[in-house]
Structures are given as structure tokens and as C-alpha cells.
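> Below are the C-alpha cells for one structure; questions will follow.
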Amino acid sequence: MPEDQPIGVFDSGVGGLTVVRELLEKLPHEKVVYIGDTAHVPYGSRTVEELKTYADQIVRFLIGQSAKLVVAACNTSSAVSLDYLRQQYTLPIVGVIEPGIRRALSLTNNFQIGVIATETTIKSGAFPQIARRFNPQVRVFGQACPQLVPLVESGELEGMRTEKTCRGYLEPLLQAGIDTLILGCTHYPFLQPVLQRIVGDKVRLIDPAQETVEEVKALLHQTGKLNPVREGCMEHQFFSTGSSVSFLHVGQQMVGKLVQKVEQVNLG
Ligand code: DGL
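Just so we're aligned, residue 1121 is where the sequence shown starts under the working numbering, counting upward by one.
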């Protein structure tokens, strides 16, 4: 039955687990197959060609796992590969950039929106381009934060080094007068407590996961593939292209027992 098929989710590492967490909270009857491409993390310093190749291999793998829909739970991949993937495959593929922008635009008062993301995402110009499609008046201030993904992947979510690094990245955005800050990398919601402390309560942090899951739900509903309420608990599957031991360790640190077992796969 199509509704029994899993939702495929991918990222360069543990970041996409922020989307899985939200997905399973809102759609608890769905099964998830997740793959963290840790052999190639961080994506933020990869070329567009490399990222398209990785995305292609991953989507093929997820289709092989019978995915009924794929979530590119990675802003970097969404920024440079989403249109390409949608041309290559017929199954629905959901990205995280547009949902984050929609949410930010619904909450901003002064239409000065900040985005923190990887270098590749900022360079792609995807955030300002898409935001202006929705509202030509909006001003988007982007800040590349290359040191944040390694901090998250190593589990360093708090402490002096993390605080100082985040502060350095956020200072220019605060000076620009933003009232809304999009966490434009799925790793960053794990740093939310530090980030919120630095920006204060006048700046609203946007985790695109919520809006992304709304889009997934609507798409599954439209196509008749939403899993109806069921008894019993789903066995989700987690894969990594790098060490499964370290993915399991960091993954459990981030989202607890949601990640029970990780299998290493080679997609090359
Ligand atoms: N979490 C990903 C993103 O949303 C990728 C980060 C990286 O590997 O550099 O962009």
C-alpha cells in the first residue's frame, strides 16, 4: 500500500534529524528512512556539481528503500540541487528553503530578515531570490557560518567556544536591525538556546522544520499517501555514508532514543 511506504529524509549529517523530530511529532504514523551523508560532511564547502551528484545518489538510494516522498532536509542541497532533482525524478521532493521563508514572512514586522547558513547556501543567493518572489520589498541579510556545522557534528552545542563563534556571526545581522532570523541550515536548531540568548527576545528564530512538515503533510494528503492512524510503533531506519558508530553517538545526543540503530552504506 502506498501509504505504508516510508518518507525518505536526507542531510549531510545529523542536521536533518531536526526535521525528522518535527515530522514524527506531527505525523506519528509515518515511517522514516533517513540518510546522513557523513562521508561528505560538511556540504557547505562542496561544489555545486559535487552536491548534485551526492543528491542524485541519495535519492536513488531512498527510492530503492521504497520512499513515497523525499525531504531534502538540508538547505545547502535544497539551494543547489532541488530543481535538478525535481527534473530527474517523479516522486515529490520537498526542500527546506521555501518553507522557512514563508514562515519568516508571516512573522516579520519590519521585513528585515536575517539568514544564517553555510557558505554554499549564502553564495547561491537562494534565500533572497525566493523571498523576493513572495515579497519584493523584503530585505534579506545573509551570513555564512562555516564553523557551526563542525561544532554541531562534534556535539559541542554549548560552551565558550560555541558562544563566541555564534556571537561573531550574529553581530552584523543584529546591527542591520533584523527582527526575524531564519536558521538556514538544519544543523542550527540544535544551537537554538545559544543563538536565542545572543539575539535576545526581540528577534524571532525560525526553524524551517515546522513549515516543511506542513508541506509534507499537505502533499501526502493530496496524493492519498498519508498514513492513517495505526496501532503499534514504527521502526524507522537510519543510514550514514560515514561511520555508523559516530552517527549513532551524535544522533542519540541530539534526539535521544529516536535513533536506535545506524547502518553504514556506500553509495559511490
Ligand atoms: N545541514 C545542512 C544544511 O542545512 C548541511 C550543512 C553542511 O553539511 O555544511 O545546509
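Note that the Cβ used here is the ideal one computed from N, Cα and C, for glycine as well.
This structure is a prediction, so every number in the text was calculated from the model and none was measured.
Who are the near neighbours of P1248 in its chain, counting only those whose CB is closer than 6 Å to its CB and skipping five residues on each side?
Mapped onto the sequence shown, residue 1248 falls at position 128. Here the set comprises V1260.
> Less than 7 Å separating the Cβ of A1175 from some heavy atom of the ligand DGL?
Residue mapping note: residue 1175 aligns to position 55 of the sequence shown, counting from 1. No, since every heavy atom of the ligand DGL falls outside the 7 Å radius drawn around the Cβ of A1175.
> DSSP has S1300 in a bridge; who is on the other side?
Along the sequence shown, read from residue 1 onward, the residue named residue 1300 stands at position 180. The amino acid occupying residue 1300 in the given sequence is Thr; Ser does not appear at that position. T1300 pairs with I1233, R1324.
> Quick check on the DSSP output: what are the complete beta strand (DSSP E) runs of length 3 or more inside the stretch 1325-1378, in order along the chain?
Secondary structure remark: continuous beta strand (DSSP E) runs of at least 3 residues inside the stretch 1325-1378, in chain order: 1357-1360.
> Between C1286 and the ligand DGL, is the CB less than 7 Å from at least one heavy atom?
Mapped onto the sequence shown, residue 1286 falls at position 166. The answer is no for C1286.
> Under the three-state reduction of DSSP, which class applies to R1166: helix, strand or coil?
Numbered from its first residue, the sequence shown carries residue 1166 at position 46. Here R1166 sits in coil by DSSP.
> Taking only the alpha-carbon atoms, compute the straight-line gap between Q1372 and E1170 and give it to the nearest angstrom.
Here residue 1372 corresponds to residue number 252 of the sequence shown, with the count starting at 1. Here residue 1170 corresponds to residue number 50 of the sequence shown, with the count starting at 1. Distance between the alpha carbons of Q1372 and E1170: 29 Å.
> Over the uninterrupted alpha helix (DSSP H) stretch that includes E1239, give me the two end residues.
If you number the sequence shown from 1, residue 1239 lands on position 119. Segment 1239-1244, the alpha helix (DSSP H) holding E1239.
> At a cut of 8 Å, does the stretch 1268-1285 reach the stretch 1209-1219 through at least three beta carbon pairs?
no
> Helix, strand or coil for V1191 per DSSP?
As a first step, residue 1191 must be located in the sequence shown, where it is residue number 71. The answer is strand: DSSP assigns V1191 an E or B state.
> On the CB-based measure, 16 or more other CB atoms within 10 Å of its CB, does H1307 come out buried or exposed?
Locating residue 1307 in the sequence shown gives position 187, where the first residue counts as 1. Answer is buried; the Cβ neighbour count reaches 16.
> Excluding five sequence neighbours on each side, which residues of the same chain lie with their C-beta closer than 8 Å to the C-beta of I1185?
Within the sequence shown, residue 1185 is the residue found at index 65, counting from 1. The question names Ile, but residue 1185 in the sequence shown is Gln. Residues of the same chain with a CB within less than 8 Å of the CB of Q1185, apart from the 5 flanking positions on each side, are P1126, G1128, V1153, Q1357 in chain order.
> Grouping DSSP H, G and I as helix and E and B as strand, with all else coil, what is E1218?
For this step, residue 1218 is matched to residue 98 along the sequence shown. E1218: helix per DSSP, three-state reduction.
> State the CB to CB distance for the pair H1149 and P1328, rounded to an integer number of angstroms; the pair is presumed to be in contact (CB under 8 Å).
What you label residue 1149 is simply residue 29 of the sequence shown in a count that begins at 1. What you label residue 1328 is simply residue 208 of the sequence shown in a count that begins at 1. So it is not a contact: roughly 23 Å between Cβ atoms.
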